[in-house]
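For reference, the structure is listed below as structure tokens.
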Amino acid sequence: MCEKCKGNFYITTPIYYPSDKLHIGHAYSTVATDTMARYKRLQGYDVMFLTGTDEHGQKIEDKAKNAGVTPKQFVDNIVEGEGGVKDLWKLMNISYDRFIRTTDDYHVASIQKIFKMMYDNGDIYKGKYVGKYCKPCESFWTDAQLVDGMCPDCGGEVQEAEEEAYFFRLSKYADRVQDLLENTDFLEPRSRVNEMVNNFIKPGLEDLCVSRTSFTWGVPVDFDPGHVVYVWIDALFNYMTALGFQNDRYQDLEKFWPADVHFIGKEIVRFHSIIWPAMLMSLNLPLPKKVFGHGWLLLDGGKMSKSKGNVVDPYVLSQRFGVDALRFFLLRSFPFGSDGNFSNELLISTINTDLANDLGNLVSRTVAMAQKYFGEKLPAEQTENPELDTELVSMVSGLRAKYEEQMEHYAFQNALSEVFKVISRANKYIDENAPWVLAKSEENKPRLARVLYNLLETIRVCGGLLTPFMPQTAGEIGKRLGGARMDWESLGVFGVLPADVATVNGPALFPRIDMEKELAALEALSKPKKAEPELPLAEPKAEIAFDDFEKVDMTVVKVLSCEKVKKSDKLLKFTLDDGTGTPRTILSGIAKYYQPEELVGKTLVAVTNLAPRKMMGQLSCGMLLSAERGDKLNLVMVDDKIPAGARLV
Ligand code: MSP
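Reminder that position 66 of the sequence shown reads as 147 in my numbering, one-by-one numbering, no gaps.
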């Protein structure tokens with residue numbers, strides 16, 4: 082621990098499946114974790130905030146196959162590509178300290194060692210798996226756990242599965258895990274404890290199938306080829322491999338393990354509160370101090386999901402309302418442990434009420450009055466009026482303690498309520514003191530200065546405590562108060578600003594939104610685009626003889642690589658496998674229709690006996706077939722099962 086720090090604090094989000102673009106529900110877990118991490122840093126802790134992606138499993142393997150790319154190319158695009166996971170966290174101002182990808186080499190090697198350690202200590206053994214498997218959830222279920230024969234998590238169909246597999250002796254740890262859940266604060270909220278104990282432990286914990294042979298996209302069991310490690314073992318241990326457990330990549334295990342808290346959504350509580358501690362017990366490792374299972378952000382009462390087509394796009398919302406407003410809304414509107422129904426109306430009314438009316442108005446009115454009545458600086462000569470000041474001053478002085486009490490229990494909504502009680506009280510204080518009346522006489526100027534000082538000090542403390550929720554806004558508030566102190570120590574004290582504080586004017590922090598107009602605009606954005614106008618058909622060409630057609634060699638080719646040709650806006654250079662063993666180069670004028678990376682791995686058709694032609698100084702040996710109608714052009718892509726070199730006949 083560093084000498085100046087209050088201590089170390091290790092917090093994690095779940096690692097995300099990069100199977101689709103993330104939606105606002107995903108952002109919920111991460112915004113909450115970010116807020117907690119920023120709060121702990123503000124308090125003076127040395128924080129490690131880990132997030133990442135959970136990239137193995139059959140679902141990803143299948144999706145990659147459908148997209149015609151390798152699983153690694155598929156996940157790379159969703160994690161690192163434009164609009165992908167990392168981009169979203171950048172947009173949402175997520176201050177993670179470390180990002181783990183379960184395909185990172187150090188993690189893969191660590192997981193192999195961990196699996197072997199549990200095999201060597203006898204907690205993993207080889208057996209035969211017979212049961213039900215839910216592919217989308219990557220979960221095995223016993224008949225007793227199914228709900229009406231369906232997966233209890235997603236409600237989808239399950240498949241019969243029978244194969245040789247490795248098992249983890251979960252049953253051996255049933256009593257210890259039950260004791261952990263019932264007799265400690267390991268799992269919160271408390272209601273989730275009953276759910277786990279009654280639904281999973283009491284009916285009898287069975288040993289867990291922890292390897293698969295039906296697909297290959299996973300961490301290979303190094304001592305038994307053909308088996309890959311169950312994704313949840315691979316995923317859960319990320320919390321430790323990312324600190325350096327069983328690898329030399331990092332050396333932070335001693336400093337940060339056990340984790341202070343894992344924030345996770347409610348549907349993955351079972352994995353984190355039963356399987357995770359049991360595996361740690363098997364390896365005699367310290368358990369995380371807490372697992373907090375938060376609720377879901379619902380849409381129309383149900384879970385958001387790509388398959389239901391009802392996902393809400395965080396890019397659209399943050400572009401229209403600002404990132405801070407969106408972050409604030411997520412934590413202000415619903416208790417963290419419970420589900421909450423998302424709606425555009427609720428989002429807009431929260432912004433209008435709390436941010437535009439209460440906070441925004443308080444800041445702009447106060448700063449505008451300070452500037453209007455006194456110019457840049459307040460005068461140092463000020464007169465107190467205990468009758469009018471005491472309540473506000475004592476509320477502000479006591480705010481940090483109340484806020485802290487709530488934040489320590491992950492009660493974000495309550496912590497914000499405390500702040501907004503003070504903001505409302507300050508707005509009332511303006512009306513009670515009527516600065517515009519005081520301003521009329523010179524004699525009242527010292528009193529007017531004190532009123533404005535008290536308001537500026539209130540804004541400082543409230544703004545400072547809002548930093549973890551709305552970092553940019555808090556920074557802006559600090560600027561308006563002439564670069565005021567907003568460190569943790571100063572937020573527990575009233576009277577930190579110098580009496581002659583300088584203020585800086587600026588635009589409204591949160592302009593009021595016209596609810597009706599905005600709802601209509603959002604509605605229009607979510608509607609499918611109008612049908613495209615009919616595209617013109619090309620003129621038919623003159624008839625040709627069959628012999629003429631026979632002269633053309635059309636060959637199936639696979640794209641090995643594709644890149645833009647330097648100094649050309651039009652040309653893409655393809656390196657193709659045409660089945661001959663020698664790569665073929667073809668240049669094609671389609672750069673405005675495709676990004677080169679999206680074509681790698683695709684199966685196309687080329688005319689391969691066309692005389693070679695030089696373009697931009699490079700030789701093109703053939704032509705790729707594409708289909709054109711009006712201004713639309715698409716390459717002709719064929720089934721990936723067709724081998725390179727197959728001839729079109
Ligand atoms: N890969 C696993 C986690 C492994 S952790 C060792 C996983 N990934 S996920 O991408 O499906 O979900 C990541 C997080 O997003 C989960 O905590 C999940 O609960 C959360 N959410 C996904 N949709 C959500 C809502 N609609 N509302 C709130 N959180 C939700 O699970």
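Yeah, the Cβ is synthetic: ideal placement off N, Cα and C, and Gly gets one too.
Quick caveat, the model's predicted, so the values are computed rather than measured.
Under 8 Å Cβ to Cβ from residue i, same chain only, skipping five residues before and after it: list those, please.
i: V309; result: H137, S292, R293, T294, F296, T297, W298, G299, V300, P301 and V302
i: V500; result: L480, Y484, C543, L546 and L547
i: V228; result: G236
i: V681; result: V150, Q154, V640, L641, S642 and C643
i: L379; result: M385, D420, G421, N422 and F423
i: A242; result: Y210, V211, G212, K213, Y214, F221 and S295
Quick one: give me the first and last residue of the alpha helix (DSSP H) that residue i is part of.
i: E457; result: It is not in any alpha helix (DSSP H) - E457 carries neither H nor E in the DSSP assignment.
i: A145; result: Q139 to A148
i: L261; result: A255 to N264
i: F196; result: D186 to D201
i: S607; result: M596 to S607
i: M277; result: S272 to M277
Taking 7 Å as the limit between beta carbons, can you name the residues of its chain near residue i, skipping five residues before and five after?
i: M362; result: Y254 and R257
i: N425; result: L600 and L603
i: E513; result: L469
i: K144; result: S100 and F155
i: D629; result: none
i: A406; result: I432, L436 and F591
i: D315; result: H137, T183, I192, G299 and V300
i: S414; result: G421, L427 and T431
Would you give the residue range spanned by the beta strand (DSSP E) that residue i belongs to?
i: W222; result: S220 to W222
i: H375; result: V372 to H375
i: G421; result: G421 to F423
i: L379; result: L378 to L380
i: D641; result: Checking the sequence shown, residue 641 turns out to be Leu, not Asp. Here the beta strand (DSSP E) through L641 covers M635 to K645.
i: T134; result: D127 to T134
By DSSP's criteria, residue i is part of a beta bridge. Which residues make up the other side?
i: N715; result: A708
i: I504; result: DSSP, once it has assigned bridges, lists no residue as partnering I504.
i: R694; result: S701
i: H343; result: T93 and V372
i: P301; result: V309
i: Y210; result: E244
i: R401; result: None, per the DSSP bridge assignment.
i: T584; result: Looking at the DSSP assignment, T584 forms no beta bridge with any residue, so it has no partner.
i: R665; result: L657
i: A687; result: T636 and L705
Do residue i and residue j have their C-beta atoms within less than 9 Å of each other?
i: F180; j: V128; result: no
i: A118; j: D178; result: yes
i: C218; j: G237; result: yes
i: I671; j: L714; result: yes
i: T116; j: F493; result: yes
i: V719; j: V686; result: yes
i: L412; j: F591; result: no
i: R541; j: S571; result: yes
i: M697; j: L652; result: yes
i: G731; j: S478; result: As shown, the chain starts at 82 and ends at 730. That puts residue 731 outside it, with no answer to give.
i: F402; j: I92; result: no
i: F352; j: W313; result: yes
i: A451; j: L459; result: yes
i: I195; j: L364; result: yes
Exposed or buried, which one is residue i when buried takes at least 16 other CB atoms within 10 Å?
i: F318; result: buried
i: N280; result: exposed
i: G576; result: exposed
i: G564; result: exposed
i: G307; result: exposed
i: D135; result: buried
i: W170; result: buried
i: A555; result: buried
i: P395; result: buried
i: E269; result: buried
i: N328; result: buried
Short of 6 Å in beta carbon distance, which residues of its chain neighbour residue i, apart from the five on each side in sequence? Order them along the chain.
i: V392; result: H104 and M385
i: D333; result: L324 and G325
i: M488; result: Y120 and A496
i: R122; result: V128
i: Y98; result: D135
Is there a Cβ of chain B sitting closer than 9 Å to that of residue i, yes or no?
i: S363; result: This model lacks chain B altogether; it includes just one protein chain.
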